[in-house]
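*Asks:*
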Amino acid sequence: MVTLAGRWTLPAAAAALLAAGCGGDRVFQLAGTVERTALEVAAPVSEVIVAVPVERGQRVAAGEILVQLDTEVAEAEARAREAALAAAQALLAEAEGEFQRVKTLSERRVASTKELDRARRERDEALATAAEREARLMQAAKRLRDLTIRAPGAGVVDQLPFEAGERVPAGGVAAVVQTEDRPWVRVWLPSRAVAGVTAAARAEVSVEGLDRRLAGRLE
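Under numbering that gives the first Met the number 0, residues 0 to 218 are what the sequence shown spells out, in order.
#1: On the three-pair Cβ rule with 8 Å, is the segment 31-38 touching the segment 151-162?
#2: What does VAL33 pair with, by DSSP beta-bridge criteria?
#3: May I ask you to report which of helix, strand or coil DSSP gives VAL204?
#4: Who are the Cβ neighbours of LEU126 in its own chain at under 7 Å, not counting the five residues just before and after it?
#5: Which whole-angstrom value describes the C-beta separation of TRP228 and GLY31, a residue pair presumed to lie in contact below a C-beta threshold of 8 Å?
#6: Below 8 Å on the Cβ atoms is my contact criterion, and I expect THR128 with ALA87 to pass it. Report the Cβ-Cβ distance as a whole number of Å.
#7: Would you kindly work out how many angstroms separate the C-alpha atoms of ALA94 and ASP116, rounded to a whole number?
#8: Under the rule that 16 or more other beta-carbon atoms within 10 Å means buried, what is ALA163, buried or exposed?
#9: What residue range does the beta strand (DSSP E) around GLU46 cover?
#10: If you follow the alpha helix (DSSP H) that LEU136 is in, where does it begin and where does it stop?
#11: With 16 other CB atoms within 10 Å as the buried threshold, where does GLU165 fall?
#12: Of the residues ARG142, PRO182, ARG58, GLN57, which one's Cα is nearest the Cα of GLU74?
Here it is, written out as C-alpha cells:
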C-alpha cells in the first residue's frame, strides 16, 4: 500500500507505480489501483428508511444527507418532552416566586423558619425536575437528529445497502463513503521485487487523467 503525499482527489482508475529499491538503483514499474478509506455510517436505531437522496458514485460534502430514517415516533417523543419541560418550568417559576415571597416575609419576621425551609425545598425540587426534563428533551432532540444520517466527510458514496421503505437494523451499515482526503494505491509486487523494496521505500505514482506524478512511500 502506498500513502500519497499531500491532498489529492484521484479517479479510481489504474495507476502506475515506480518504486525505488533499497539499493538505490533498482526501479520497478508496477500496476495498481487508486483506493480510498471507506467510512461505514451505521444506523443508531432500527427504523424504516423514508428517503435516500444520494446515489452510488455520487460525490458528497461533509454533513450531506445520505439516508433519512422515519422521524414520526422521535418527533412525537420530542414534542412530549418539550411540553413536559414547559410544565416544569412553569412550576419552577411559581415555586421561585413563592420562595422569594416567603423569604421577604421571613426577613420581616412575619413568616417562620419552617415556612421558609418548606418554600426553599419546593423551589429546589422544582429546579431539579426542570433540569431533568431539559436533559431528557436534549436526549430526544439528539435521537431525532441522529435519524438523519449524514456523510462523516467529503467523499464518494460507495455503498447504499438499503432502499427507501426497508428497515435498517440498529447498528446496521446504512451507507459507506470513500473519503478523498488521503487516497492510497494498492500494487501487486512480483516475487522478484519483494526482496528489492522495503517499508517506507520512496515511490512515484502516475495516475490516468492526472498530468503530474505524485510522491509517496511504501507501507
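We put the beta carbon where it would ideally sit given N, CA and C, even for glycine.
*Replies:* Based on what the coordinates show:
#1: yes
#2: Beta-bridge pairing links VAL33 to VAL184.
#3: strand
#4: LEU91
#5: As displayed, the chain neither begins before 0 nor continues past 218, which places residue 228 out of reach and without an answer.
#6: Indeed they touch by this definition, with Cβ atoms about 5 Å apart.
#7: Taking the Cα positions, ALA94 is about 12 Å away from ASP116.
#8: By the neighbour-count definition (other C-beta atoms within 10 Å, threshold 16), ALA163 is an exposed residue.
#9: 46-50
#10: 112-145
#11: With fewer than 16 Cβ atoms within 10 Å of its Cβ, GLU165 is classed as exposed.
#12: ARG142
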